[in-house]
Amino acid sequence: MKLRTFQKIEKKLFDEGYKLIAGVDEAGRGPLAGPVVAAAVIFDQNTFIRGIDDSKKLNQKEREALEEEIKAKALAYSISVVDVKSIDKSNILLASLEAMKKSIMSLSVTPDFVLIDGKFSPELPYKNSAIIKGDSKCFSIAAASILAKTFRDRLMQEYSEKYPQYKFHKHKGYPTQEHIEAILKYGPCEIHRKKFLRKIYERRIIQQEFEF
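Residue numbering for the sequence shown follows this note's numbering, starting at 3 and increasing by one per position.
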């Protein structure tokens, strides 16, 4: 994707007179384990970073290289975490919105417009717009997705050292077959999302009932 096309949404807002536009995204909505992490980023109007894209389209080496450049060139950035207990207490959508709101409100520079990845927006005191698949359409949201993803991946690497039997470093908590088999063998640990595990156990019970 051409970078200038990728910045089209921000350009329109800059042309309308907004000067401090934040992009926000989260990482970790789908995993069975670990927190949800959100990042918010504000760039100067003329910032250029080659290679920015949706974090899911980049490999680890590319994300980590871009992470450093994003942090160096951003006017402000913030990363926030919502833990597993909070996810289980409410639901993953509300936890994701909470993480995004925390990251926006923690920025050292106050935005005058916020671009949010997804269908829903958290309650904010700033003008904002939710953009479905914004991480593949919007420069600042894509940058935020990279910061959120790299931060969360490092957390899951640390958890892998604490709970080696689950191999979190390989799947980052996502529901791979290897991860599911480890849960069924060892049971959940403290960073597993209990609500998310119910379906796995229910499916396992059904399978056992029909085994002859």
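Beta carbons are placed, not taken as given, at the ideal position from N, Cα and C, and that holds for glycine. Just so we're clear, the structure is a prediction, and the values are computed from it rather than from any experiment.
- In terms of CA proximity to residue 62, 159 leads the group 159, 199, 163, 167.
- For residue 46, the closest alpha carbon among the candidates 155, 39, 25 is that of 25.
- About 7 Å separates the Cβ atoms of residue 23 and residue 44, confirming a contact at the 8 Å cut-off.
- Between residue 16 and the set 115, 28, 148, 177, the nearest pair of CA atoms involves 115.
- Of the other Cβ atoms in all chains shown, fewer than 16 fall within 10 Å of the Cβ of residue 131; this residue is therefore exposed.
- Cβ-Cβ distances below 8 Å link residue 176 to 32, 33, 34 in the same chain, with the five nearest sequence neighbours on each side left out; the list follows chain order.
- Unbroken alpha helix (DSSP H) stretches of 4 residues or longer found wholly inside the region 59 to 142: 62 to 75, 86 to 91, 94 to 107, given in chain order.
- The DSSP assignment places 170 to 173, 179 to 188 as complete runs of the alpha helix (DSSP H) inside the region 143 to 192, in order along the chain (cut-off: 4 residues).
- In this model, residue 54 and residue 77 are separated by some 16 Å (Cα to Cα).
- The Cβ neighbour count for residue 67, taken over all protein chains shown within 10 Å, is under 16; the residue is labelled exposed.
- Contact between the region 172 to 188 and the region 78 to 96 is absent, with fewer than three C-beta pairs closer than 8 Å.
- In the three-state scheme derived from DSSP, where H, G and I count as helix and E and B as strand, residue 44 is classed as strand.
- Minimum Cα-Cα distance from residue 85 among the listed residues 193, 197, 9 corresponds to 193.
- Here residue 142 is buried, its C-beta having at least 16 other C-beta atoms within 10 Å.
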